[in-house]
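Each position in the sequence shown, counted from 1, maps to that position plus 58 in this note's numbering.
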Amino acid sequence: QIVLFNKAAEAMFGVSASAVLGQPVDQFIPQRFREAHHQAHREFAQDDHSARHMGVTREVVGLRASGEEFPAEVTISRVEMKGKGKTKRLFTVVLRDVSDRHQAQALLMKEQQFISAILNTTAALVVILDADWKIQRINQACQRIVRYSEDDLNGQFFSNLLVASGEDDSAVREFLSAHRQRQFPDVFECALVDKERHLRWIHWISTAIRDTAGQVEFVIVTGTDITDRKTAELKLQKEQEFISAVLDTTGALVVVLDEAGNIVRFNRACQELSGFSWEEVCGDSVWETLVPQEERSAVESVFNALWDGQASKTHVNHWVTKKKEKRLIAWTNTVMSDVGGNLPYVIATGLDITEQRKAEQALQESQERFNAFMDHTPTLAFLKDEKGCYLFVNHAFEEHMNLPFGGVLGKTDAQLFPADIAQTFQEHDREVLGRRKVLETEETTVDERSQVRYWLVLKFPVYERQGQVYLGGVALDITERKLANLALEENRNLLDRQQGELQALAAQLLTAQEEERRRISRELHDDVNQRLALVSLHVQSALQMMAKADPVRQTLSNVDRDLAKLSDDLRHLAAGYHPSILDDLGLEVAVRSLIAEVSQVKGLSIDMRAVNVPKGLSPNVATCLYRILQESLQNTLKHADASNVYIELLGNTTGITLSIRDDGTGFHLESRQPQGLGLVSMRERIRQVGGDFRLESQPGAGTMIAVWVPVGASSPS
């Protein structure tokens with residue numbers, strides 16, 4: 059309840075103190091805020107504040123007696139009053155009406171929104187700077203031009219956006235100089251660089267805003283994009299400079315004549331060609347000074363007709379130089395008038411075509427020689443455009459292709475040849491034009507007798523200076539050679555087939571031979587030798603039953619000895635046909651057994667080295683290598699006159715190598731290549747298992763045979 063209500067409160071709420079004393083304070087609080095007010099009041103009353111502590115200033119909404127709401131700042135403090143043995147708490151509420159401040163803030167915000175709307179809708183660039191020319195704000199138009207956001211540039215020096223144009227940087231240099239002296243130019247133009255390093259020309263106007271002491275607080279810079287205007291000005295300037303440069307530096311002759319035919323302009327090209335300086339010809343008649351006597355009347359008539367608008371704007375005539383040389387000039391003429399439409403001028407632009415005419419004449423002579431060459435060469439020649447249309451063919455082309463004279467040009471292969479032949483021609487053409495490379499190939503046509511003709515064709519791209527690409531080609535008739543090659547190829551194929559059949563037959567013979575050897579070896583070992591052993595047992599049994607003095611005993615003993623020797627011979631013979639040790643114990647053991655036997659019987663020194671020889675070689679590979687070693691040792695004993703033989707048997711993951719080298723007489727491979735059945739059978743055996751065979755020999759250096767067989771080989775390749 060209110061116990062004190064001062065005059066300021068009466069004025070603020072529009073009610074007298076007498077009317078509100080003893081009344082609750084709720085009448086000055088809008089209904090929607092009362093509960094929150096009660097809660098805050100209770101919390102403050104219960105809090106352990108000192109007696110004079112002021113609460114936090116808050117902004118609340120008050121309610122006048124008239125029902126008007128208004129903003130107010132409020133501070134509450136608590137006071138304890140003691141008297142008559144009783145303590146009473148009072149709460150002092152201090153209020154301040156802040157309606158005016160709110161109105162000012164709203165007005166200021168509205169003004170700021172208005173200014174922002176102006177800044178962001180104007181097409182002009184607006185930059186707000188501080189006293190140090192650091193960017194504080196840029197409008198949207200400026201952001202669009204520079205392609206930076208306001209955050210990107212905030213705090214950056216304005217000069218960072220300005221660059222020299224590359225041609226005239228005086229404006230930027232003046233601005234930077236003024237900036238260093240803390241001066242602020244009112245108007246200046248310079249180039250601005252955007253985020254993507256593009257240049258934009260801007261016309262700037264700056265205004266400094268100063269405080270009451272005259273110090274600059276900030277600077278407002280507004281700009282107009284004048285890039286198009288600057289570009290147009292620069293373009294115009296460059297065009298003017300270009301025109302002047304063209305007149306003075308171009309190779310074209312430029313002469314300006316007045317109505318009387320007198321020279322009023324004579325560019326540098328004219329001076330260099332004629333040998334006359336501008337001072338020597340200025341104001342002189344062009345046809346009297348430069349045109350030959352025999353052409354003067356004709357040239358003068360051309361210019362008179364020009365002024366009447368009747369003659370052609372182009373003509374050709376000679377000039378006589380200061381050195382009395384004649385030059386042929388092709389002219390293009392234009393009649394011009396002055397600003398008032400009077401006093402016509404003729405601007406004559408000329409090209410010296412003297413050398414061109416000479417070149418044209420030389421080209422014509424060259425073309426005639428070329429045509430004569432093409433018409434008499436037996437080789438077909440042609441030229442096509444990118445669409446496949448014939449631009450040129452020689453007479454040989456028309457005659458050999460059985461085409462009407464003059465009826466080829468402008469047509470394509472599809473119009474001249476059967477579809478299949480034309481398609482082949484076009485595929486080759488596309489390959490040449492696509493890859494831009496020369497193509498040598500064979501093509502076919504059909505002659506008037508429906509016989510196929512074969513052609514060796516060379517096609518190639520032909521380039522023009524303008525970038526146009528054509529297809530050129532020459533063709534040579536190779537029909538006779540082709541037919542001969544086809545016959546030769548057919549004979550070669552027949553020979554290959556026959557050779558294949560012979561190789562197959564040889565393989566069958568070797569296989570049959572090996573099988574027969576194996577069978578004979580088995581028969582000798584398992585049958586004949588066993589029967590001999592049985593006979594030997596019978597003889598030995600008979601010997602045991604005979605008396606030692608029996609005269610037949612010695613004879614039977616001799617028979618038993620002969621039977622034993624015969625058994626050994628049969629065993630050796632069986633091993634020669636097919637050693638069972640090869641099947642039972644493998645290649646390395648069989649090779650060592652063969653070496654031991656040859657060394658013992660023939661007295662030949664043989665060294666052997668075996669490394670990583672596979673245990674599980676296929677029978678074909680093992681037999682192949684064994685037979686080659688066997689045949690090689692026989693050849694060495696028979697022909698080499700050698701004392702020592704060196705054998706290597708080396709295996710690895712891919713194959714196995716056998717080499718046999720002796721220190722015999724050797725021979726020239728070129729002059730005496732051995733062609734016996736032994737070498738033939740060696741090569742055939744190696745071929746069957748897919749291996750390699752190599753023979754090396756030199757007189758006095760011995761002979762070496764080396765073979766390699768893949769470890770997986772088991773059947774003919």
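For each residue, glycine too, the CB sits at the ideal point set by N, CA and C.
In this structure Asp487 is buried. Its beta-carbon is surrounded by 16 or more other beta-carbon atoms within 10 angstroms.
Excluding sequence positions up to five before and after Leu753, its CB lies within less than 6 angstroms of the CB of Ile763, all in the same chain and listed in chain order. In the DSSP assignment, Thr180 falls outside any beta strand (DSSP E), carrying neither H nor E. Glu742 counts as buried, since at least 16 other C-beta atoms from the protein chains shown sit within 10 angstroms of its C-beta. In this model, Lys517 and Asp505 are separated by some 21 angstroms (Cα to Cα).
Counting along the chain, Ile705 sits inside no alpha helix (DSSP H); it lies in the beta strand (DSSP E) bounded by residues 702-709. Using a Cβ-Cβ distance cut-off of 8 angstroms, the region 683-690 and the region 643-654 are in contact, since at least three pairs of beta carbons, one from each stretch, lie closer than that value. Counting other Cβ atoms within 10 Å of its Cβ, Met459 reaches 16 or more and is therefore classed as buried. DSSP, reduced to helix, strand and coil, places Trp336 within a helical segment of the structure shown. Here the region 372-381 lies against the region 324-333, with 3 or more beta-carbon pairs under 8 angstroms apart.
Secondary structure of Trp191 (DSSP, three-state): coil.
Less than 8 angstroms separates the beta-carbon of Arg415 from that of Leu386. In the DSSP assignment, Ala417 falls within the unbroken alpha helix (DSSP H) covering 412-434. DSSP places Arg122 in the coil class of the three-state scheme, outside both helix and strand.
At least 8 angstroms separates the beta-carbon of His261 from that of Glu275. The criterion of a C-beta distance shorter than 8 angstroms is not satisfied by Val204 and Asp283.
The alpha-carbon of Leu541 is positioned some 26 angstroms away from that of His453.
Contact check for Arg326 and Asp306: beta-carbon distance about 5 angstroms, within the 8 angstroms limit, so the pair qualifies. The residue from Val245, Ala199, Leu250 with its alpha-carbon nearest to that of Phe216 is Leu250. The C-beta distance from Trp389 to Ala406 rounds to 5 angstroms, short enough to meet the 8 angstroms contact threshold.
Contact between Val313 and Val344 is confirmed by a C-beta separation of about 6 angstroms, below the 8 angstroms threshold.
The three-state secondary structure of Gly465, taken from DSSP, is coil. In the pairwise beta carbon analysis, the region 126-135 is classified as touching the region 152-164: at least three pairs are separated by under 8 angstroms.
When beta bridges are read from the DSSP output, Leu662 appears opposite no residue.
The residues Val132, in chain order, have a CB closer than 6 angstroms to that of Arg116 in the same chain once the five nearest residues on each side in sequence are set aside.
DSSP, read as helix, strand or coil, puts Tyr448 in strand. DSSP places Lys65 outside any beta strand (DSSP E); the residue lies instead in the alpha helix (DSSP H), whose first and last residues are 65-71. Taking the Cα of Leu534 as reference, the smallest distance to any Cα among Gln484, Pro436, Ala668 is reached at Pro436. Your pair Asn212 and Ile193 checks out as a contact, with CB atoms roughly 6 angstroms apart and the cut at 8 angstroms.
Closest in alpha carbon position to Tyr403, among Arg202, Gly367, Glu423, Phe431, is Gly367. Boundaries of the beta strand (DSSP E) around His376: 372-378. Ranked by Cα distance from Thr145, the options Val151, Val137, Val152 are led by Val137. The shortest C-alpha to C-alpha distance from Ala480 to any of Glu501, Leu497, Glu489, Lys673 is the one to Glu501. When the alpha-carbon of Phe361 is set against those of Asn391, Phe149, Gly465, the nearest one is in Asn391. Beyond the five residues adjoining it in sequence on each side, Lys445 comes within less than 8 angstroms, by CB distance, of Thr470 in the same chain, given in chain order. In this structure, Leu716 and Val765 form a Cβ contact; the two beta carbons are roughly 5 angstroms apart against a cut-off of 8 angstroms.
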